[in-house]
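Numbering (the working numbering), first residue to last: 7 to 457. Don't be surprised by glycine CBs; every beta carbon is placed ideally from N, CA and C.
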Amino acid sequence: MMPLTNQDKEKILSFLESRLEPKVYDTWCRSLELEPAGDNAYRVPTANPFYRDWLEKLLRKPLEDAFSSLFGRTPDLVFQVNASPLAVLAPAAPPSVPTPAAIVEPAPATPDFVYNPNYTFENFIEGPSNRMAFAAAVAVSENPATLYNPLFIHGGVGLGKTHLLQAICHSILTRNSSAKVHYLSCEDFVNGYIYAIQKKTLEAFRTRYRNADVLVVDDIHFLADKEGSQEEFFHTFNALHMAGRQMILSSDQPAGDIRSLTQQLLSRFRSGFEARIMSPAYETRLAILRGKAAARQVEVSQEVLGYIASIVESNIRELEGALTKVLGYAALSKRPVDLVLAQEVLKEVPPPSPASMSITEIQQVVARYFHKKVSDLHSRRWTKSTSQARQICIYLCRKFTGTSLEELGSHFGGKDHSTMLYSIRKVEKLLTKNASVRGDVERLTREISSK
Ligand code: ADP
Ligand code: MG
């Protein structure tokens, strides 16, 4: 295969330019090189493993499309770390650019896959809800493949799993820029596997992952109900484990709850260290908001941050979203960021998880779970077990339906809004220190959200 002429290269570049966001194109494509590497094969040299994974994710598909629409053939593209001494001096973190979700046409990437330069340990706020996971992540990054292997981090959506996983990658690569750190979403693993079967390139697929020093697979619960992929991942896991490599996995459920997970994989997942991330309590939410405001170099009063932290409860992504919304609205309307504005803006924040169950149905689930009558949840009865069941029920109704505190009170025997708030705070506090309450809430949450 002849090297590409300058004209070919220009055609390819303008094709990419038409497909990518301008900022992505400017940052990643202007200096793109394509070196001939055999018959219909090209090498894309990159500065370090992180760049390699990132560029491959970002450009493989658009590049393949460029070749096939311009020259009528799909080349073999090999994204490779450049061994030149200059490459070693390249910065460890790519600049902040829009993620490959910005690719205009087919988006093979889930937004989660992308390496985000802000997802570092420094930017991660520690609190009781994530302390174990955070400590384990730091330990793994300092001493890969010694202590916690695999490290299995699980917790609900938007609670910082991807952030921690990428922080580990970042930290390992900062210590050792030649470490082969392979980060991918489980969805990419599954899709890659299916593609490799179709194209009969299983060997290449396997080598790719099995050569990693550190394999990081995000959202491993995606393996649910996928027998073939589970089998393949099992072999990958074993190969890496035997070779003494580190594996880090995240899941939105405990390993034991992933549907139809084979016994052999389950026991592998449990053979290392399982760390759970829970919903952060009010204080941690406030600290996270403070961190996010500081990162954007904006001053936001304690009062406003406190207000946001008090109404967005279960999901940090939404917490950040609420802050963004308030700041954006203030900027647009040229008004100061104060409580009145925040209240005005966030009144419209949709409930964190759209209700699939009504308050009445949630009350029935909770009553059944605690062996109570639904009427006990309305009454003012004061035995400890009844009042705790009631508080948990109030907490869950608020979480799942987003009903206002006033209205919620009317579903619990006409109690007022401060009683609702008190119950919710009480449960939040219990969640951070009482494992049995935590277990109850998690089981109930699962039951409610599975409906
Ligand atoms: P998950 O992968 O669990 O769904 P992410 O890692 O994508 O969640 O986190 C969602 C957002 O919340 C990200 O912007 C992340 O930076 C932020 N975030 C989560 N936990 C923390 C934390 N403890 N400190 C700071 N930011 C956090
Ligand atoms: Mg994630």
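Item to complete: Taking only the alpha-carbon atoms, compute the straight-line gap between SER455 and SER362 and give it to the nearest angstrom.
Response: 8 Å
Out of ARG386, LEU76 and VAL310, which one is the CA nearest neighbour of ARG296? VAL310
Let's test the definition: count the other Cβ atoms within 10 Å of the Cβ of GLN172 and tell me whether it reaches 16, buried, or not, exposed. buried
For ILE283 versus GLY198, is the C-beta distance shorter than 8 Å?
no
### Message
Please determine whether the Cβ atom of THR425 lies at a distance below 7 Å from any heavy atom of the ligand MG.
### Response
No.
Quiz item: For GLN252, which of helix, strand or coil comes out of DSSP?
Solution: Strand at GLN252.
ARG341 and LEU347: beta carbons closer than 8 Å?
yes
Practice task
Return the residue from the list LYS421, LEU427 and THR389 that minimises the CA-CA distance to ARG468.
Solution key: This structure leaves residue 468 out entirely; the chain is present only between 7 and 457.
Residues near ALA142 in its chain [Cβ-Cβ closer than 7 Å; skip 5 each side]:
TYR154, LEU157, PHE279 and ALA281
- [ ] Confirm, please, whether the CB-CB distance from ALA293 to ARG251 is below 8 Å.
- [x] no
Point to revise | ILE174 Cβ short of 7 Å to the ligand ADP heavy atom set | key: no
request  = Tell me where the alpha helix (DSSP H) around LEU171 begins and ends.
outcome  = 167-181
- prompt: Which value, in whole angstroms, describes the spacing of the CA atoms of VAL355 and TYR335?
  reply: No answer about VAL355 holds up, because its pLDDT of 47 lies below 50 and its placement is not dependable.
* Asked: Where do the N-terminal and C-terminal ends of the beta strand (DSSP E) with ARG282 fall, by residue?
  -> 279-283
task: For ILE400, name the three-state secondary structure that DSSP assigns.
output: Note: ILE400 maps to helix in three-state DSSP.
Next on the checklist: Please classify LYS353 as buried or exposed, where buried requires at least 16 neighbouring CB atoms within 10 angstroms.
Outcome noted: exposed
- Alpha carbon of CYS399 to alpha carbon of PHE275, nearest angstrom: 32 Å
**Message:** By DSSP's criteria, VAL222 is part of a beta bridge. Which residues make up the other side?
**Reply:** For VAL222, which the question treats as bridged, DSSP gives the partners TYR189 and ILE254.
Let me check one thing: in DSSP terms, what residues is LEU83 bridge-paired to? TYR48
Can you determine whether any heavy atom of the ligand MG sits closer than 7 Å to the C-beta of ASP194, and answer yes or no? Because no heavy atom of the ligand MG lies under 7 Å away, the Cβ of ASP194 does not count as near it: no.
Close beta carbons around ILE226, own chain, < 6 Å, minus the five adjacent residues each side:
CYS192, LEU255 and SER257
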